[in-house]
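Read top to bottom, the protein sequences are chains A and B.
Heads up: the first sequence runs through residues 1 to 496, numbered per our numbering.
Heads up: the second sequence runs through residues 497 to 992, numbered per our numbering.
C-beta atoms are modelled at their ideal positions from N, C-alpha and C, and glycine is treated no differently.
A short worksheet on the structure shown next.
2 protein chains.
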Amino acid sequence: MEAYRALEKRFERLSHLEGVSQVLHWDRAVMMPPGGATARAGQQATLDVLAHEILVDPTTGDLLNEAEGEAASLDSWQAANFVEMRRRWRHATALPADLVEALTLKSAACEMAWREARAQNRFADVAPLLTDLLALVREKAQAKAAALGLGPYDALLDSYDPGTRSADVDRIFGELRSFLPGLIDRVVARQAALPVPLPLDGRITVPAQRKLARKLMKTVGFDTQFGRLDVSHHPFTCGVPDDVRITTRYTAGDFTESLMGVLHETGHALYERGRPAAWKNQPVGEARGMTIHESQSLLLEMQACRSREFVRFVSPLMREVFQGAGDAWSPANLERYYLKVERSLIRVEADEVTYPAHILLRYDLERALVTGGLQVTDLPGAWADGMKALLGVYVPGDALGCMQDIHWFGGDFGYFPTYTLGALAAAQLFQAAIRADGDVLPGIARGDFRPLLAWLGPNVHSVASRHSTQDILHNATGAPLGTAAFRAHVEARYLS
Amino acid sequence: MEAYRALEKRFERLSHLEGVSQVLHWDRAVMMPPGGATARAGQQATLDVLAHEILVDPTTGDLLNEAEGEAASLDSWQAANFVEMRRRWRHATALPADLVEALTLKSAACEMAWREARAQNRFADVAPLLTDLLALVREKAQAKAAALGLGPYDALLDSYDPGTRSADVDRIFGELRSFLPGLIDRVVARQAALPVPLPLDGRITVPAQRKLARKLMKTVGFDTQFGRLDVSHHPFTCGVPDDVRITTRYTAGDFTESLMGVLHETGHALYERGRPAAWKNQPVGEARGMTIHESQSLLLEMQACRSREFVRFVSPLMREVFQGAGDAWSPANLERYYLKVERSLIRVEADEVTYPAHILLRYDLERALVTGGLQVTDLPGAWADGMKALLGVYVPGDALGCMQDIHWFGGDFGYFPTYTLGALAAAQLFQAAIRADGDVLPGIARGDFRPLLAWLGPNVHSVASRHSTQDILHNATGAPLGTAAFRAHVEARYLS
Numbered sequence: 001m002e003a004y005r006a007l008e009k010r011f012e013r014l015s016h017l018e019g020v021s022q023v024l025h026w027d028r029a030v031m032m033p034p035g036g037a038t039a040r041a042g043q044q045a046t047l048d049v050l051a052h053e054i055l056v057d058p059t060t061g062d063l064l065n066e067a068e069g070e071a072a073s074l075d076s077w078q079a080a081n082f083v084e085m086r087r088r089w090r091h092a093t094a095l096p097a098d099l100v101e102a103l104t105l106k107s108a109a110c111e112m113a114w115r116e117a118r119a120q121n122r123f124a125d126v127a128p129l130l131t132d133l134l135a136l137v138r139e140k141a142q143a144k145a146a147a148l149g150l151g152p153y154d155a156l157l158d159s160y161d162p163g164t165r166s167a168d169v170d171r172i173f174g175e176l177r178s179f180l181p182g183l184i185d186r187v188v189a190r191q192a193a194l195p196v197p198l199p200l201d202g203r204i205t206v207p208a209q210r211k212l213a214r215k216l217m218k219t220v221g222f223d224t225q226f227g228r229l230d231v232s233h234h235p236f237t238c239g240v241p242d243d244v245r246i247t248t249r250y251t252a253g254d255f256t257e258s259l260m261g262v263l264h265e266t267g268h269a270l271y272e273r274g275r276p277a278a279w280k281n282q283p284v285g286e287a288r289g290m291t292i293h294e295s296q297s298l299l300l301e302m303q304a305c306r307s308r309e310f311v312r313f314v315s316p317l318m319r320e321v322f323q324g325a326g327d328a329w330s331p332a333n334l335e336r337y338y339l340k341v342e343r344s345l346i347r348v349e350a351d352e353v354t355y356p357a358h359i360l361l362r363y364d365l366e367r368a369l370v371t372g373g374l375q376v377t378d379l380p381g382a383w384a385d386g387m388k389a390l391l392g393v394y395v396p397g398d399a400l401g402c403m404q405d406i407h408w409f410g411g412d413f414g415y416f417p418t419y420t421l422g423a424l425a426a427a428q429l430f431q432a433a434i435r436a437d438g439d440v441l442p443g444i445a446r447g448d449f450r451p452l453l454a455w456l457g458p459n460v461h462s463v464a465s466r467h468s469t470q471d472i473l474h475n476a477t478g479a480p481l482g483t484a485a486f487r488a489h490v491e492a493r494y495l496s
Numbered sequence: 497m498e499a500y501r502a503l504e505k506r507f508e509r510l511s512h513l514e515g516v517s518q519v520l521h522w523d524r525a526v527m528m529p530p531g532g533a534t535a536r537a538g539q540q541a542t543l544d545v546l547a548h549e550i551l552v553d554p555t556t557g558d559l560l561n562e563a564e565g566e567a568a569s570l571d572s573w574q575a576a577n578f579v580e581m582r583r584r585w586r587h588a589t590a591l592p593a594d595l596v597e598a599l600t601l602k603s604a605a606c607e608m609a610w611r612e613a614r615a616q617n618r619f620a621d622v623a624p625l626l627t628d629l630l631a632l633v634r635e636k637a638q639a640k641a642a643a644l645g646l647g648p649y650d651a652l653l654d655s656y657d658p659g660t661r662s663a664d665v666d667r668i669f670g671e672l673r674s675f676l677p678g679l680i681d682r683v684v685a686r687q688a689a690l691p692v693p694l695p696l697d698g699r700i701t702v703p704a705q706r707k708l709a710r711k712l713m714k715t716v717g718f719d720t721q722f723g724r725l726d727v728s729h730h731p732f733t734c735g736v737p738d739d740v741r742i743t744t745r746y747t748a749g750d751f752t753e754s755l756m757g758v759l760h761e762t763g764h765a766l767y768e769r770g771r772p773a774a775w776k777n778q779p780v781g782e783a784r785g786m787t788i789h790e791s792q793s794l795l796l797e798m799q800a801c802r803s804r805e806f807v808r809f810v811s812p813l814m815r816e817v818f819q820g821a822g823d824a825w826s827p828a829n830l831e832r833y834y835l836k837v838e839r840s841l842i843r844v845e846a847d848e849v850t851y852p853a854h855i856l857l858r859y860d861l862e863r864a865l866v867t868g869g870l871q872v873t874d875l876p877g878a879w880a881d882g883m884k885a886l887l888g889v890y891v892p893g894d895a896l897g898c899m900q901d902i903h904w905f906g907g908d909f910g911y912f913p914t915y916t917l918g919a920l921a922a923a924q925l926f927q928a929a930i931r932a933d934g935d936v937l938p939g940i941a942r943g944d945f946r947p948l949l950a951w952l953g954p955n956v957h958s959v960a961s962r963h964s965t966q967d968i969l970h971n972a973t974g975a976p977l978g979t980a981a982f983r984a985h986v987e988a989r990y991l992s
């Protein structure tokens, strides 16, 4: 096992470099003074180049080939680890160095132009750069497709969610398309018939929100010995398993976004913490992919913490910390805020029922962009048409339309579907957890998440990347990923 | 200049890695949750190894040899940069890889044991590890001595303060030894004859201290666009020129340490910020060494900000922010706090008059330890004897004696003398600045540090590592580093 051991050392080094990048990323978003941006970009680029060089170094390829001969002596974790090493190496070596560099430079330029163009609501200002960037992304997709034996879009998808293929996405999203518009209609009509929720009076200060957020993080199982909560413009989770950093943002007077945001990120954080300590710095110990990662944040936020059980548990805490009084702070009234469904323009503000429609649109468009069926100049029109068809909303400008998300302008194509695959997986996993242990929901009702975590541990967290996304979900829920659990969840929560 | 240009690229990469290490160091001391320590140690070790590998890679040596042939075409900055590249390479290649690793491991183990041994006041618990570590340090000193053509102690000193030799230190410290004890006697006797200072009543809260600290940082020229102030257990400065992080610690009820601490670190920070932007990521653009660095913090703290002029400027601000009243907040009474001299056991709490005595002791002892004239088991006795002889104080235990500082237990021998060389340089530079520009002191009296910075810029900050420490000081002050300015300063401030 000499070659395999040498690979483990090499990948441990890569893992440490990735951990360093995580600290830098967190620091940039949370702590760094603005003047440090250029220096930080140079530091980050150096780390990226060094990591890439280690991976594509001919020695890595030689060791991988040698280690093939040692396969018989590897145990099942080591064998899975070896598969993941090979996968990473394939992705890295698929691209020539000059394409990697061109993509880095063009992405940075396009992202910068996008910020300005979005602020000015002028898509034309960023369209030429996006066109150039897309050409490079297509080149990347072709190169990866050739190396991985996949279609171009699947080759991109595979880097965010290993093993997920557009054929599966098409099947699952096809089901969604068939029932989602009708479901949205019914939920919106039902909510429209209800009286407006009572206003939440109280002292909803930022310190009070922070206090409650910390309390709830602890309730669901976050240990501040191994992580932090801070503030950033866009909430995120990053770090390493023993040092998980999550962020949120606070709005004085409105706690609904900050609290659910913290619980969402805590779901990510628990997955980071829960993977096997023994494989911490190896590829097999990493998160499986974005579908599983998002399933863990949405399971906690959408399934567990917007449940009737949790709202009942949390409403007296909210009333106390915000010094609220009266019926407005009853569980029933709070639910009205947490379960409000409306057709809207912005993905990141969408509720769980309309959210998949935003993703269906992006999936169609980005596939067409990558495969050449759609040109950048035609994007705004296609976006507006899609929003009309899927959600029935009018797009008043590209800033609220095709420029709202950073992904494409930063070169990320193939990422969007994982948000909805994650939402579907969350529903399916939560359903399975409840079936497996009758104390999961009663636990949540009393603020005890141990039964839920006791199920997620062996079924999801501690599997890490030992199995594929598909196998993890199948093993945990007894069925391949589908839409049934999600549909049943929405109907039960919003229509019964 | 192809080889030289290739070296610049290589050293830029090293500079970025060093910048990353700075962020990690800051984060560890200021932000990191305790559980992250092991992961962080792995990340830091990986960065150190990668940087070392880049430096000792045979290509670096080849390029240095090739670039010798290009010397004629280099301008003066490039030539100085090339000298610094060679110097770093010599230091790095002097040590075999196994010695570097052994030192890293043993230092970490000894430092950890030291924390416990100091807390328990049991030197015997750490003595065996310190003995082992010292053996490795001696090996290191021998190896560097051979590679650099220096004596063993000088070879260590050179890594903290390039170009400084113990022959110079002996001369300068010899002068100090001749007059310091008498000077301390006279100052202490004079202060003993004065009535005790009036107690500082007021609301000396931590937020009020923080507010004033930030205001004073701004007053002396720190720009928060390019840096931060935070809290850590031990104050320090780190970061990169466009992102300088300084820390302090606050004690409710006592602002004297926190405010002067912030001004001390701000002196370091201004040196970081003030070096030439064009050479930011090259060796010649780095800080010259610890003597110059410490001269900048002490010049700001001890020379400028404990001056009668500054105390007069700052006293109404203090009175206001701390809601003080009465004569206690007069400049004369505040000076009594800021200029208190007493013989004490602890270096980091010492005033500027007795501080050099602490260093004279450490210099003698560490040289004897490195060259073999003193064994670790004899250290506590030698320490107690030295404190008796130099300061006339009795050492009640090793925790307050030879275990008080981290340096030796972390493997740092040859660092201590730079504190006092820096103090002497600060006095000499400040004297020269005042002579060169009659508005320096009046500026400080009105809270305007621009005249001082206008002198420090060309004379110290922007020289970076283009000249040696010795040349920088000679060029700026017209004389080699000596004790005259320091002595004159102490006599003027404390005895007139």
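In the DSSP annotation of this structure, the continuous segment of the beta strand (DSSP E) that includes A:GLY239 starts and ends at 237-240. Sequence-distant partners of B:GLU566 (beyond 5 residues in either direction) whose C-beta falls short of 8 Å from its own C-beta, in its chain, are MET497, GLU498, ALA499, TYR500. Taking 7 Å as the cut-off between beta carbons, the residues of the stretch 44-78 of chain A near chain B are THR46, LEU47, LEU50, in sequence order. Below 8 Å, too few C-beta pairs join the stretch 184-193 of chain A and the stretch 360-371 of chain A to call them touching: fewer than three.
The three-state secondary structure of A:GLY227, taken from DSSP, is strand. Excluding sequence positions up to five before and after A:GLY457, its CB lies within less than 8 Å of the CB of GLY274, all in the same chain and listed in chain order. When C-beta distances to chain B are compared with 7 Å, the residues of the stretch 4-24 of chain A below that value are ARG13, HIS16, LEU17, GLY19, VAL20, VAL23, LEU24, in chain order. In the DSSP assignment, the residues bridged to A:ARG245 are A:ARG228, A:CYS238.
Around the beta carbon of B:SER511, 16 or more other beta carbons lie within 10 angstroms, which makes this residue buried.
The shortest CA-to-CA distance from B:GLN616 to any of B:ASP894, B:SER992, B:GLY939 is the one to B:ASP894. For the stretch 345-362 of chain A, no residue has a beta-carbon sitting nearer than 9 Å to a beta-carbon of chain B. Bounds of the alpha helix (DSSP H) holding B:ASN829 are 827-834. The beta carbon of B:ARG524 does not come within 7 Å of any beta carbon belonging to chain A, so the residue lies off that interface. About 6 Å separates the beta carbons of B:PRO695 and B:ALA824, which is inside the 8 Å limit, making them a contact pair. Per DSSP, B:GLY822 lies in no alpha helix (DSSP H) segment and is marked neither H nor E. Residue state for A:ASP132 is assigned as helix, using DSSP reduced to three classes. Rounded to the nearest angstrom, the gap between the Cα atoms of A:LYS215 and A:GLU309 is 17 Å. Per the DSSP secondary-structure output, B:ASP750 pairs in a beta bridge with B:THR747.
Among the residues of chain A, those whose CB is under 7 Å from the CB of B:ALA535 are GLY19, VAL240, ASP242, ASP243, following chain order. Inter-residue distance for B:ALA568 and B:PHE578 is about 12 Å (C-alpha atoms, whole angstroms). Taken through DSSP and simplified to helix, strand or coil, B:ARG784 comes out as coil.
Per the C-alpha coordinates, the member of A:SER468, A:ALA488, A:GLU491 positioned closest to A:PRO480 is A:SER468. Classified as exposed, B:ASP874 has fewer than 16 neighbouring CB atoms from the shown chains inside 10 Å of its CB. An exposed status is given to B:HIS729, since fewer than 16 other beta-carbon atoms sit within 10 Å of its beta-carbon.
At a cut-off of 7 Å between beta-carbon atoms, A:PHE486 makes no contact with chain B.
Shown here, B:CYS606 sits in a helix according to DSSP, grouped into three states. At a cut-off of 7 Å, the C-beta of B:PRO529 has a neighbouring C-beta in chain A.
Taking a C-beta distance under 7 Å as the contact criterion, B:VAL519 and A:ASP230 do not qualify as a contact pair. Relative to the Cα of B:GLY897, the nearest Cα in the group B:ARG808, B:LEU591, B:GLY882 belongs to B:GLY882.
Given a length threshold of 4 residues, each whole run of the alpha helix (DSSP H) inside the stretch 37-76 of chain A is given here in chain order: 37-56, 58-68. With fewer than 16 other Cβ atoms from the protein chains shown falling within 10 Å of its own Cβ, A:ASN475 counts as exposed. Comparing C-alpha distances from A:VAL370 to each of A:LEU130, A:LEU429, A:ALA492 shows the shortest one belongs to A:LEU130. Pairing B:ARG839 with B:GLY888 gives a Cβ-Cβ distance under 7 Å. The stretch 588-598 of chain B and the stretch 787-802 of chain B do not touch, with fewer than three beta-carbon pairs separated by less than 8 Å.
DSSP places B:PRO677 within a helical segment (H, G or I) once states are collapsed to three. For the set B:LEU937, B:THR916, B:ASP628, B:LEU948, the Cα lying nearest the Cα of B:ASP666 is the one of B:THR916.
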